[in-house]
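Below is one structure, written out as structure tokens, with a few remarks after it.
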Amino acid sequence: MQNLHTFKTVEQAINNAIIDHLKSRYEINDDDLNRIKRYTLVEIPSEKEYGDIAITVAMRLAKHLKEPPSKIAESIVKAVEGCGITFESVDIAEPGFVNLRLGWNILLDTLYEAINNREYSCWDILKKNDGAPLSIQVEFVSANPTGPLNIVNARASALGLALSNLLGKMGAEVEKEYFVNDRGRQIDLLAESILTAKKIEDGEDVRYPDEGYKGRYIEELASEMNKDLYRMRDIKGIGVWASEKIRKEQERVLRDFGVEFDRWYHQSYITDEEYNNVLNTLRDRNALYEADKAVWIKTSEYGDVQDWVLITSDGRYTYHLADLAYHINKYRRRYDRVINILGPDHHAHMAMMLAGVKALGIPEGWLEIIIAQQVNIVEKGKRLKMGKRLGRYITMEELMKEVSPDVCKFFFLDRAPSAHIDFDFEVAKKTSLENPVFYIQYAYARIESLRREATRAGILIPDNLQVNMGLYGEEEKEIAREVFYYPQVVKMSAMGRKTQLLTCYLHNLAGKFHRYYTRNRILGVDRDLSYARQLLSFSVASVIRDGLNVLGISAPERM
RNA sequence: GCCCCCGUAGCUCAGCUGGAGAGAGCAACGGACUUCUAAUCCGUGGGUCAGAGGUUCGAAUCCUCUCGGGGGUACCA
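Mapping to the working numbering: the first sequence position 362 is 1507, numbers consecutive.
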């Protein structure tokens, strides 16, 4: 099949035409050119009345090109008319918008592409110069193996999975990794907590460690503890055993949630040589100093507001040092980019890490950090503070018992990662039947039901049948243009790290289809008309399935 | 004190590399199932975009300040 039009081909044709035209008509230096290329030239208009594609670059360039926007717009119109694609209309609106309308010549291609081409929503943006995929590692959740995962971890896992999928669609090779802090003070504290719990179980009169871990799981671990470990009072041994047991449990819960990692990287894998390497590199680069018997990193000289301790006065390596060594390790593994999703309690760590890798001489932009903001549990209108060390939190498992993973994921992904979320269990349960995720899944299930019915009745549209586009009207066009936008939504969602754009889009698309379905019969009408409507419906199904898939949400064929 | 996030409809939130008339869901009210899934659809209300300045042809979006909510903050992670 030759060169079917999609958003990608249309965008590329328009972009090239505009840039060529501007270059020939105006004196544009490389700086200007790069600025222009950074703009999104082809936009989805805010109102459908304006058209199907909007170009606003004329207004943005007015100042630089020293010409009124309307004049530049005229020039852009010429460029668009010569781009090799025929549009239904090309108009200028004040003060310098260029609005395009798509004809069915393009939209029909898009419908076929959506159905037939698995790569429909894929791009080649995250590629190296030689065309090889950019390798990107996404690290997320990475909760300490000192207790069960909580609701914020659930949010981070949903986000990490969706983001990984989105980046994959942009052409990158993505690896999902979980960093296990299986060494350090917190693990010792965990071991001490378990040991103490066991002693108390045995009737010993001992004091619980300050800031120790609490909760039923500690008591359970105490009961299950190996006799030798207990007899020897082997803190290190208990720590190794308990943390691995907890980690396995975390892995199981995540798998139940539908999130699997490519690699679990343990802090204990990091060698002394690697730690020394970090320290030596920092020392060589004059980013290290000693004060109060502790070793500090001069992060304040690299963009952070303060310096941090890497080695405590009693010789312990801090988490900061471990994480820097871990990141050097990642860097040596030759990832082109690394993205960390951190919880809200790591705000300070974010600035430290960004400054730290800079101090180590790693190029800027290699590390990107996203903070998955907090999730507050609301009960009877009051916010409950969550905290592992407060011994008060909703575990991820409890969450899943109340609300299905599909609903949880959608709920988390429907909001900006940086936004705080108030999670009201009562509301989540009560409205679960009116939840947007069901609304979207239902649209998909309806279409799959149509497909089954059509197959059964022998009236299914034959593969690659060219439908009569004259049978389509405005109603169909409104849906087809949404299908047309899908690759662009995926792109904006991925590149802007905004999963909520995709959830919003899917919700909207499902709504348009539900409306269409109610007003129009797809089967049991004139054969050619049925084929035309089937094509449209199935393209919507393809998009919904793909979209939910990217988000890590299931697309059931029956509900 | 300092740093970060947030403040948009009754509620929960989109929209923010400046673009066209401010959106969605929920909640409220009134309608639609002999027909492919009513987990649906149709209709009705609802806003000083926290406030004040500034930049601009144009500001919910950018800058400054103020107020309010949350988080972080030098030897835990």
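For every residue, glycine included, the Cβ atom is placed at its ideal position computed from N, Cα and C.
Problem - Proximal residues to R1205 (C-beta, below 8 Å), its chain only, five neighbours per side dropped - result: Along the first sequence, one-based indexing puts residue 1205 at 60. Same-chain partners within the cutoff: Y1184.
Exercise for the section: State the DSSP-derived secondary structure class of H1411, mapped to helix, strand or coil. Expected result: Stepping through the first sequence from its first residue, residue 1411 is reached at position 266. H1411 falls in the strand class under three-state DSSP.
Problem - Neighbourhood of Y1480 by C-beta distance below 6 Å, restricted to the same chain and skipping five residues each side - result: To locate residue 1480, count along the first sequence from 1; it is residue 335. Correct list, in chain order: S1280 and Q1282.
Practice task
Tell me whether E1405 sits in a helix, a strand or coil according to DSSP, three-state version.
Solution key: Residue numbering aside, residue 1405 sits at position 260 when the first sequence is read from its first letter. DSSP places E1405 in coil when its eight states are reduced to three.
Problem - W1249, enclosing beta strand (DSSP E) - first and last residue - result: Position 104 of the first sequence holds residue 1249. Looking at the DSSP string, W1249 is not in any beta strand (DSSP E); the run it does join, the alpha helix (DSSP H), is W1249 to N1261.
Problem - As assigned by DSSP and simplified to three states, the class of V1502 - result: Counting from one through the first sequence, the residue named residue 1502 turns up at place 357. Correct three-state label for V1502: helix.
Exercise for the section: Would you kindly work out how many angstroms separate the C-alpha atoms of R1534 and P1632, rounded to a whole number? Expected result: In the first sequence, counting from the first residue as 1, residue 1534 sits at position 389. In the first sequence, counting from the first residue as 1, residue 1632 sits at position 487. In this predicted model, R1534 has a pLDDT of only 46, less than 50, meaning its place in the structure is not dependable; the value taken from the coordinates is given anyway. Going by the C-alpha atoms only, they are around 44 Å apart.
Problem - For A1588 and I1689, believed in contact at Cβ under 8 Å, the rounded distance - result: To locate residue 1689, count along the first sequence from 1; it is residue 544. To locate residue 1588, count along the first sequence from 1; it is residue 443. The pair is a contact, with the Cβ atoms about 6 Å apart (cut-off 8 Å).
Practice task
Just mark Q1451 as buried or exposed, buried being the case when its beta carbon has 16 or more other beta carbons within 10 Å.
Solution key: In the first sequence, counting from the first residue as 1, residue 1451 sits at position 306. Its Cβ having fewer than 16 others within 10 Å, Q1451 is exposed.
Handout entry: Cβ-Cβ distance between K1256 and S1684 below 7 Å
Key = As a working note, residue 1256 is residue 111 in the first sequence. As a working note, residue 1684 is residue 539 in the first sequence. It should be pointed out that residue 1256 corresponds to Leu in this sequence rather than to Lys. Cβ distance < 7 Å, so L1256 and S1684 count as in contact.
Practice task
Name the residue from I1383, L1544 and P1354 whose alpha carbon lies nearest to the alpha carbon of L1366.
Solution key: Counted from its first residue, the first sequence places residue 1366 at position 221. The residue with the shortest Cα to Cα distance from L1366 is I1383.
Exercise for the section: Could you have a look at N1673 and say whether DSSP puts it in helix, strand or coil? Expected result: As a working note, residue 1673 is residue 528 in the first sequence. Per the sequence shown, the amino acid found at residue 1673 is Asp instead of Asn. Three-state DSSP puts D1673 in a helix.
Exercise for the section: Count the other CB atoms, across all protein chains shown, that sit within 10 Å of the CB of A1602; report buried if there are 16 or more and exposed otherwise. Expected result: For the purposes of this step, residue 1602 is identified with residue 457 of the first sequence, where counting begins at 1. Exposed is the call here.
Problem - Buried versus exposed, by CB contacts within 10 Å (16 or more), V1695 - result: Numbered from 1 along the first sequence, position 550 holds the residue referred to as residue 1695. Result: buried.
Handout entry: beta strand (DSSP E) runs wholly inside the segment 1261-1349, at least 3 long, in chain order
Key = 1280-1284 and 1318-1325
Practice task
Work out the CA separation of W1453 and E1446 for me, nearest whole Å.
Solution key: Numbered from 1 along the first sequence, position 301 holds the residue referred to as residue 1446. Numbered from 1 along the first sequence, position 308 holds the residue referred to as residue 1453. Each residue's alpha carbon lies about 12 Å from the other.
Handout entry: Distance between N1160 and L1424 (C-alpha atoms, nearest Å)
Key = Counting from one through the first sequence, the residue named residue 1424 turns up at place 279. Counting from one through the first sequence, the residue named residue 1160 turns up at place 15. Their backbone Cα atoms lie some 48 Å apart in a straight line.
Problem - Cβ pair count under 8 Å reaching 3, the segment 1235-1251 against the segment 1644-1664 - result: no
Exercise for the section: Could you please give the first and the last residue of the uninterrupted beta strand (DSSP E) stretch that includes D1567? Expected result: For the purposes of this step, residue 1567 is taken as residue 422 along the first sequence, with counting starting at 1. I1566 to D1569 is the span of the beta strand (DSSP E), which, as asked, contains D1567.
Exercise for the section: Please state if the CB of L1469 and the CB of Q1395 are separated by a distance shorter than 7 Å. Expected result: On the first sequence, position 250 is the one that residue 1395 refers to. On the first sequence, position 324 is the one that residue 1469 refers to. No. Outside cutoff.
Practice task
Use the C-beta contact count for E1264: other C-beta atoms within 10 angstroms, 16 or more gives buried, fewer gives exposed.
Solution key: Your numbering for residue 1264 matches position 119 in the first sequence. Exposed, because fewer than 16 other Cβ atoms sit within 10 Å of the Cβ of E1264.
Practice task
Have a look at L1713 and G1227 and give me their C-alpha separation to the nearest angstrom.
Solution key: Residue 1713 is absent from the model: the chain starts at 1146 and stops at 1704.
Exercise for the section: Indicate, with yes or no, if the ligand HEM has a heavy atom lying under 6 Å from the CB of R1328. Expected result: Looking at this structure, you won't find the ligand HEM or any other ligand, since it has none at all.
Problem - Backbone secondary structure at I1507 - three-state DSSP - result: Here the question's residue 1507 lines up with position 362 in the first sequence. Residue state, collapsed to three classes: coil.
Practice task
Could you tell me the distance, in whole angstroms, from the CA atom of V1520 to the CA atom of F1242?
Solution key: Mapped onto the first sequence, residue 1520 falls at position 375. Mapped onto the first sequence, residue 1242 falls at position 97. When rounded, the distance between both Cα atoms is 41 Å.
Handout entry: Identified DSSP bridge partners for V1398
Key = Counting from one through the first sequence, the residue named residue 1398 turns up at place 253. Answer is none; V1398 lacks a bridge partner.
Exercise for the section: Can you give me the Cβ contacts of G1536 inside the same chain, cut-off strictly under 7 Å, excluding the 5 residues immediately before and after it? Expected result: Position 391 of the first sequence, counting from 1, holds the residue named residue 1536. Its pLDDT being 49, under 50, G1536 is placed unreliably by the model, and nothing is read from it.
Practice task
Output yes or no for whether 7 Å exceeds the beta carbon distance between N1371 and Q1331.
Solution key: Locating residue 1371 in the first sequence gives position 226, where the first residue counts as 1. Locating residue 1331 in the first sequence gives position 186, where the first residue counts as 1. It is not a contact, given that the beta carbons lie outside the stated cut-off.
Handout entry: Buried/exposed call for T1416, threshold 16 Cβ in 10 Å
Key = By one-based count along the first sequence, residue 1416 stands at place 271. Flag for T1416 reads exposed.
Exercise for the section: Could you check the C-alpha separation between D1333 and R1180 for me, to the nearest Å? Expected result: Looking up residue 1333 in the first sequence gives position 188. Looking up residue 1180 in the first sequence gives position 35. Whole-angstrom Cα-Cα distance: 53 Å.
Problem - Under the three-state DSSP convention, the category T1151 falls into - result: Working through the first sequence from its first residue, we reach residue 1151 at position 6. Three-state result, T1151: coil.
Handout entry: Exposure of E1627, with buried meaning 16 or more beta-carbon neighbours within 10 Å
Key = Counting from 1 along the first sequence, the entry for residue 1627 is found at position 482. So E1627 counts as buried.
Problem - Range of the contiguous beta strand (DSSP E) that encloses E1446 - result: The residue you call residue 1446 lines up with position 301 of the first sequence. No beta strand (DSSP E) holds E1446; DSSP gives it neither H nor E.
Exercise for the section: For the alpha helix (DSSP H) holding V1202, just list the boundary residues, first then last. Expected result: For the purposes of this step, residue 1202 is taken as residue 57 along the first sequence, with counting starting at 1. Here the alpha helix (DSSP H) through V1202 covers V1202 to L1210.
Exercise for the section: To the nearest angstrom, report how far apart L1312 and S1638 are at their CA atoms. Expected result: Position 167 of the first sequence holds residue 1312. Position 493 of the first sequence holds residue 1638. So the two alpha carbons sit approximately 9 Å from each other.
Practice task
Look up V1225 in the DSSP assignment and say whether it is helix, strand or coil.
Solution key: On the first sequence, position 80 is the one that residue 1225 refers to. Note: V1225 maps to helix in three-state DSSP.
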